[in-house]
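For reference, the structure is listed below as structure tokens.
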Ligand code: PLP
């Protein structure tokens with residue numbers, strides 16, 4: 127038999143995986159760059175700055191330490207769990223027991239997908255924001271769950287309206303995802319929102335998952351609030367935190383699930399069956415990120431804020447008016463009349479060599495918007511605005 131002729135039938139769960147909406151855009155952008163065009167890619171969420179030097183140095187020490195060349199403890203090193211608990215105490219005033227209320231993750235993404243495997247039986251419902259981060263959908267699909275979307279619109283301040291969820295969805299709901307500072311809308315959670323979330327989750331017996339990926343990035347002096355600061359939050363939920371954005375460590379794959387002990391235990395149990403924790407050197411460097419000097423975080427937020435101001439000034443100059451982001455490193459901009467978000471994104475790539483993410487890729491309620499990332503320097507952001515201006519659309 128010729129092995130190249132063999133065909134395999136993957137399990138049904140593979141066919142259930144959601145389509146990668148942005149894959150075709152990425153392909154087009156790569157092709158444009160390969161063809162020698164000067165593409166400004168504002169479509170992705172990949173931090174452009176290097177990891178701070180003290181963290182890289184700790185990694186170098188960690189790599190040379192034979193203690194870390196062996197298997198790491200299955201649930202990770204205590205020093206890293208203690209470091210994240212310490213950081214939460216300092217930054218949010220939240221007290222966590224590092225032994226029982228902290229699980230180490232291979233980046234936030236893995237925890238967000240794992241949580242659906244832990245909570246959902248086939249047919250169970252997960253309440254997800256629309257627009258929202260597509261990895262929530264992936265976990266729900268793999269678990270054979272069903273998604274009920276909660277529209278986030280400008281008129282509701284990009285917050286879910288728990289009162290508008292259909293009773294039939296509520297009946298089967300086991301899981302709720304919230305994400306502030308928000309990707310893609312850049313909204314922040316106002317005071318009182320998490321108290322409402324805790325009440326809602328407790329009343330309906332739903333596990334609340336706060337995706338706090340942009341927890342360090344608030345502008346104009348506004349500090350993002352952790353869900354876990356709210357009384358009762360630990361009884362009904364967990365928070366997923368990541369080092370990817372706060373410390374420019376997206377490639378390092380370090381995240382945490384924090385909060386409810388029962389859920390933390392289940393995450394560690396599931397991970398016991400898939401992995402054997404992160405490389406010890408990475409854990410050592412992650413400890414340095416959390417306990418070392420935090421100046422780099424303040425500098426990073428200030429940098430994103432001045433990029434934001436530069437871009438919005440330039441956009442106002444070409445007549446593209448929108449509210450400035452409150453947090454995260456994304457800009458959520460309305461598309462001009464007469465375009466869908468995909469048609470507008472295509473036009474920007476084809477005619478101005480600019481990549482933006484069409485809002486519809488984040489859900490039906492993302493239609494009418496495009497998302498731009500503040501992940502290139504001010505000069506390039508101004509250049510992007512100037513190119514868009516030359517299209518004469520606004
Ligand atoms: N959550 C949101 C909203 C994100 O935008 C991202 C990354 O882009 C993540 C979670 C996951 O980040 P990571 O897997 O790098 O920790």
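In our numbering, the protein residues as written are 127 to 520. The beta-carbon is built from N, C-alpha and C at its ideal position, and this holds for glycine as well.
In this structure, the beta-carbon distance from residue 202 to residue 404 falls below 9 Å. Annotation: residue 376 is outside any alpha helix (DSSP H) and is labelled neither H nor E by DSSP. For residue 329, the number of other beta carbons within 10 angstroms of its own is below 16, and it is reported as exposed.
Counted as a single uninterrupted DSSP element, the stretch harbouring residue 514 is not any beta strand (DSSP E) but the alpha helix (DSSP H) occupying residues 504 to 516.
Counting along the chain, residue 497 sits inside the beta strand (DSSP E) bounded by residues 495 to 499. Annotation for residue 342 indicates a beta carbon at 8 Å or more from all heavy atoms of the ligand PLP. Around the beta carbon of residue 207, 16 or more other beta carbons sit within 10 angstroms, so the residue counts as buried. For residue 389, the enclosing alpha helix (DSSP H) begins and ends at 387 to 400. Under the DSSP assignment, residue 205 falls in the alpha helix (DSSP H) whose first and last residues are 204 to 218. Contact check for residue 497 against residue 483 passes: the beta carbons are separated by less than 9 Å.
If you ignore the 5 residues before and after residue 194, its C-beta comes within less than 6 Å of the C-beta of 188, 406 and 407, all in its own chain and listed in chain order. Leaving aside the five residues that flank residue 312 on each side, the residues in its chain whose CB is nearer than 7 Å to its CB run, in chain order, 451, 452, 453, 454, 456, 457 and 458. Counting along the chain, the unbroken beta strand (DSSP E) around residue 336 starts and ends at 333 to 337.
One Cα belongs to residue 349, the other to residue 288, and the distance between them is close to 25 Å. Leaving aside the five residues that flank residue 427 on each side, the residues in its chain whose CB is nearer than 6 Å to its CB run, in chain order, 343. Remark: the shortest separation between the CB of residue 309 and any heavy atom of the ligand PLP falls under 8 Å. A residue is called buried once 16 or more other Cβ atoms fall within 10 Å of its Cβ, and residue 421, having fewer, is exposed.
For the ligand PLP, a non-hydrogen atom lies closer than 8 Å to the CB of residue 261. If you look at residue 372, you'll find it in the alpha helix (DSSP H) that goes 369 to 372.
In the three-state scheme derived from DSSP, where H, G and I count as helix and E and B as strand, residue 155 is classed as helix. By the CB criterion at 9 Å, residue 147 and residue 499 fall outside the cutoff. Going by DSSP, residue 303 is part of the beta strand (DSSP E) stretching over 299 to 304. The alpha-carbon separation between residue 446 and residue 520 amounts to approximately 6 Å. Taken atom to atom, the span from the alpha-carbon of residue 368 to that of residue 414 is near 14 Å. DSSP, read as helix, strand or coil, puts residue 431 in helix. If you check the C-beta of residue 426 against the ligand PLP, you find no heavy atom less than 8 Å away.
Closer than 8 Å to some heavy atom of the ligand PLP: that does not describe the Cβ of residue 230. Within 10 angstroms of the beta-carbon of residue 196 lie fewer than 16 other beta-carbons, which makes it exposed. Between residue 158 and the set 379, 514, 492 and 476, the nearest pair of CA atoms involves 476.
Counting every other CB atom within 10 Å of its CB across the protein chains shown gives residue 433 a total of 16 or more, marking it as buried. Taking every protein chain shown into account, the CB of residue 276 has 16 or more other CB atoms within 10 angstroms, so this residue is buried. In the displayed model, residue 185 falls within a helix according to three-state DSSP. As summarised for the stretch 250 to 274, the continuous beta strand (DSSP E) elements at least 3 residues long and confined to that stretch are 251 to 256, given in chain order.
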